[in-house]
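Under the working numbering, the first residue of the sequence shown carries the number 892, and numbering increases by one thereafter. Just so you know, even glycine gets a beta-carbon here, dropped at the ideal spot from N, CA and C. Everything numeric in this text was worked out from a predicted model, so none of it was measured. Notes to accompany the following structure.
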Amino acid sequence: MIPASGYSPMGELVFGLLLILGLVALLWFARKALLGSIRQDPSVTSSAGFTLADLRALHRSGKMTDAEYELAKAQVVKRVQAAAAREAGASRPSPPPSPPQAD
Numbered sequence: 892m893i894p895a896s897g898y899s900p901m902g903e904l905v906f907g908l909l910l911i912l913g914l915v916a917l918l919w920f921a922r923k924a925l926l927g928s929i930r931q932d933p934s935v936t937s938s939a940g941f942t943l944a945d946l947r948a949l950h951r952s953g954k955m956t957d958a959e960y961e962l963a964k965a966q967v968v969k970r971v972q973a974a975a976a977r978e979a980g981a982s983r984p985s986p987p988p989s990p991p992q993a994d
């Protein structure tokens with residue numbers, strides 16, 4: 892029986908569930924918007940380390956010697972080439988399996 896004051900535990904429960912659902916949806920949209928903008932930002936890279944532009948700037952400013960620059964540059968180029976080869980290998984379709992041979 893519902894009290895005369897109009898208090899309904901079921902209504903309070905439904906309100907609480909809707910409030911939680913709304914907060915979850917709000918957080919999901921905020922996360923999606925934030926991650927989408929980060930993924931589209933070219934200044935944010937997925938790999939840790941320096942780019943060639945970073946190395947050039949350090950070398951030009953005198954914070955890196957010629958030998959350090961050449962060594963770091965070779966490592967960056969090697970890493971980029973390895974990543975490109977890995978992507979090229981992943982994008983190539985694998986050959987179809989050979990048919991079973993009868994004995």
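Under 6 Å Cβ to Cβ from residue i, same chain only, skipping five residues before and after it: list those, please.
| i | result |
| --- | --- |
| L909 | none |
| E978 | none |
Report the option in the options whose CA atom is closest to the CA atom of residue i.
| i | options | result |
| --- | --- | --- |
| K964 | A921, P991, A944 | A944 |
Short of 8 Å in beta carbon distance, which residues of its chain neighbour residue i, apart from the five on each side in sequence? Order them along the chain.
| i | result |
| --- | --- |
| M901 | none |
| L946 | M955, Y960, A963, K964, V967 |
Is the beta carbon of residue i less than 7 Å from the beta carbon of residue j?
| i | j | result |
| --- | --- | --- |
| M955 | L962 | no |
Is there a C-beta anywhere in chain D that falls below 7 Å from the one on residue i?
| i | result |
| --- | --- |
| L908 | Going by chain labels, chain D is absent from the structure shown, which holds only one protein chain. |
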